[in-house]
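Peer 1:
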Amino acid sequence: MEVESQRERNRKAATRHRAKNKEEKTKIIINLNALEETHNCLKQEVSNLQNEVIQLKERSGLADEIMLDEYVTTIPTVPIIYGTTVDANKFMCK
C-alpha cells in the first residue's frame, strides 16, 4: 500500500511540475512577443530618424553636416536588459 501511496504523490507532484513549466513557458512566450513588437517599433523609429537625419543634411548643406554628425553621435542608446519584462504599450508604433 505504501508503494501505491508514493506513486500517487509522485503523479501529483509531476502534474504540478508540468503545469508550472507550462505556465512559465506561456509567460516567456508572451514576453517574447512583447519584446518582438517593441523591437519592430524601435527599428521603425530608427529608420524614421535616419531618414530625418538625411533630410536635415540635404536641407542644411555641407557646412552644418559636422554639427549634425556630432549631434547624432551624442544621442544615448538604450541598453538591452535581459530577464526583464516589457510593457508593450510603452512602445506603441505610431
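In the UniProt record's numbering, the protein residues as written are 1 to 94. No residue lacks a Cβ here, since even glycine has one placed at the ideal position from N, Cα and C.
Measuring only the C-alpha atoms, how far is T26 from A13?
Peer 2: 20 angstroms
Peer 1: Rounded to whole angstroms, what is the Cα-Cα separation between E23 and I29?
Peer 2: 10 angstroms
Peer 1: By how many angstroms is the C-alpha of N33 removed from the C-alpha of E8?
Peer 2: 38 angstroms
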